[in-house]
Amino acid sequence: MRATLPQDDPHPTTRQAALDRARDHYVFDNSYHGMVALASVPLHEKADARWWGEAAVALAKLEANKLATKAAGGPRAGLEGYADAYSLIRTPSIVSSWRRDDVFAWQALAGANPVMLRRMTAPLPHFPVTAAQYARTAEPGDSLDRALAEGRLYLADYRVLDGLPEGELGGMKKYGFAPIALYAWQPGRRELVAIAIQTGQSPGQAPLFTPQDGVSWRMARTCVMTAEGNYQGILSHFALCHQVMESVVVAARRQLSERHPILVLLGPHFENTLVTNEIAKKSLIGAGGNMERLQSPTLEASLGLARRVLAAFRLTESAPPEDFRARGVDDVTALPDYPARDDALLSWAATAPFVDAYTRLYYASDAAVAADTELAAWVDELGRPEGGGLSGIARPRTVDEVAALVSRIVFRCTTYHASINYSSFDLFSYAPNMQTAAFGPGPRGGPGDTEAAFEAMIPPYDCAYEAISLFYQIGEIQLSRLGQYPSGHFDDPRVADLLAAYNARLEQAEQAIEQKNATRKLAYPFMLPSRVPLSIHV
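The opening position of the sequence shown corresponds to residue 44 in the numbering used here, with each subsequent residue numbered one higher.
As structure tokens, then:
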């Protein structure tokens, strides 16, 4: 069945009848806390035996691992015991190095949530870092004023988490934080260095610490990594990957014919997304699910935060170059080494030209875009509050705008999601490194800041193992590979050359990333094209 635009289809009646049937099967239901969802996932969306098989294998491995750990006497007491949780499954790469300050800073560049850095362009009145505090950690000859003038200061500010009601687990209070962390690129050392952490947004209430502050600093780092865990789990992953793509997929199924060239292209990028999200609705964001149990805020607060961030998100402004420019981290002179930026740009430079060339096979002119009623209906539904609910969406007027929109969708459900999802086990499942919630208050800078108080912040072992189980499952399943569409998927012979060129660019990106990883502080494999699936299917 050759892909055609609706205005070129010789069988418009048949095409419209098929679309009408699709709309009966794909119905938006936003009744659960205002989150976009499909009312009922059609059976054919759940029929991938590979998906169910891989999920069953992962669950079996986890059960065997849990039994083996128990048979070995269970975990040791103290922080060392968390490393005992990996009897039969691989040990996360961060276990041996998480205590190091340079590895803490590295995770702002190449961690499980490397999206927070923003260039500091002026002092913040509510974050009063002094020149003396800066000098304690900076290399000789550097100063706070010099680093600010040269654009080498970067903030990770978690103010979006401020004031969220905190939940509890099994009678234990969970703690959340909205810290501000300051980092500086040090030219002589050629690395990003953590300079200071304020554990909250109000300097009168939240103390500020530097790496010279001993256990108080380690506790402040835990405040940051708890904030990372909440931002990653609720926003970067759930809201800005799964929820965004739920809107895209359902609207596309309702408004684009299976013959539409855009749906032909995006079809493999939608595989198993709806069934994955349906399961998440029950096990992740449902009452008593992982979000309520593991994250710091209450379930209602977490979902309210997701709604607010989704309302501010602009899919049409989400390309990697746009994101890095908006955050001020696109200057490779001021920030030479940022793996999450550098690898994303390699993937984008391979993917965007393919989508653009593919789009131009079918839209010979901007007039063809204007005449495409299905495209208009799809984009309208993406932005409709009772539909996809995405903000800032407008009908494309030109071929360039169509390609731009589709490119951003492809990138979000492939490389962006993979970098967040597949890094979770290696960096997020080891509780001493990164927490879904803290179970003790942050540091105050007095005699109460002790090793025991630090360890009390780390989730108890059973809670930590629940996170291990979650992240191991989502990290084990990869059913496809970026650029590798199913054999025979495109029946238009013109696509073959475009695909060949695309895969050649992806191979070049793969080799470039492998070369970089050979000399990086820690390898960052999560944007390797070979490690990126075509769709969000976990």
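Every residue, glycine too, gets a C-beta built ideally from N, C-alpha and C. Everything numeric in this text was worked out from a predicted model, so none of it was measured.
Alpha-carbon spacing of residue i relative to residue j, whole angstroms
i	j	result
Ile238	Arg162	14 Å
Glu550	Arg119	44 Å
Met334	Ala98	20 Å
Gly431	Val449	16 Å
Ser390	Gly154	18 Å
Ile517	Glu289	18 Å
Ala330	Leu342	8 Å
Phe454	Thr359	12 Å
Gly219	Leu207	8 Å
Ala65	Leu337	37 Å
Ile132	Asp399	41 Å
Leu167	Leu122	36 Å
Arg357	Ala151	23 Å
Tyr508	Ile520	19 Å
Leu309	Val100	28 Å
Gly276	Phe471	10 Å
Arg202	Ala552	35 Å
Ala496	Ser361	40 Å
Tyr473	Val236	22 Å
Pro157	Glu417	36 Å
Trp94	Cys284	19 Å
Pro24	Glu494	No answer is possible for residue 24: it lies beyond the span of the chain, which begins at 44 and ends at 581.
Gly347	Ser74	13 Å
Gly96	Leu522	11 Å
Lys104	Lys113	14 Å
Val84	Lys109	32 Å
Phe583	Glu271	Outside the displayed range of the chain (44 to 581) lies residue 583, so it cannot be described from this structure.
Ala555	Gly371	24 Å
Within 7 Å, strictly: CB atoms of residue i and residue j
i	j	result
Ile463	Ser279	yes
Met477	Met268	yes
Asn273	Leu353	no
Asp380	Met570	no
Pro486	Ala263	yes
Glu209	Ser339	yes
Thr242	Met500	no
Tyr197	Leu251	no
Val412	Tyr405	no
Ala623	Thr402	With the chain represented from 44 up to 581, any question about residue 623 goes unanswered, as that position is not in the structure.
Arg189	Ala227	no
Trp260	Lys564	no
Boundaries (first-last residue) of the beta strand (DSSP E) holding residue i
i	result
Gln241	234 to 241
Trp228	223 to 229
Residue span of the alpha helix (DSSP H) that contains residue i, given as start and end
i	result
Tyr24	There is simply no residue 24 to check, as the chain begins at 44 and stops at 581 in what is shown.
Thr402	382 to 405
Glu553	538 to 560
Lys109	92 to 114
Gly426	416 to 426
Leu191	187 to 192
Gln50	Here Gln50 belongs to no alpha helix (DSSP H), and DSSP marks it neither H nor E.
Pro363	363 to 370
Ile137	Careful: Ile137 lies outside any alpha helix (DSSP H) and carries neither H nor E.
Glu494	494 to 500
Met268	258 to 273
Identity of the residues DSSP links to residue i by a beta bridge
i	result
Met334	Answer is none; Met334 lacks a bridge partner.
Met215	Leu212
Tyr197	Arg162, Tyr226
Phe252	Ile240
Arg524	Gln527
Ser434	Arg357
Leu81	Phe71
Pro340	Glu209
Ala481	Tyr218
Neighbourhood of residue i by C-beta distance below 8 Å, restricted to the same chain and skipping five residues each side
i	result
Arg524	Pro572, Ser573, Val575, Pro576, Leu577
Asn546	Gly526, Gln527
Pro536	none
Same chain only: Cβ atoms within 7 Å of residue i, ignoring 5 sequence neighbours per side
i	result
Arg58	Pro49, Asp52, Ser300, Arg302
Phe468	Pro135, Phe514, Tyr515, Gly518
Ala294	Trp421, Glu424, Leu425, Gly430, Gly431
Thr180	Val236, Ile238, Thr253, Pro254
Asp144	Ala237, Pro254
Val258	Asp492, Thr493, Glu494, Phe497
Ile579	Cys284, His285, Met288, Thr316, Thr319, Cys456, His460
Residues near residue i by beta carbon distance below 6 Å, same chain, minus five either side
i	result
Ile452	Val291
Val307	Ala46
Asp91	Asn315
Ser140	Val146
Thr457	Leu525, Val575
Glu321	Val84
Ala89	Just to set this straight, residue 89 is Lys in the shown sequence, not Ala. Contacts found: Val318.
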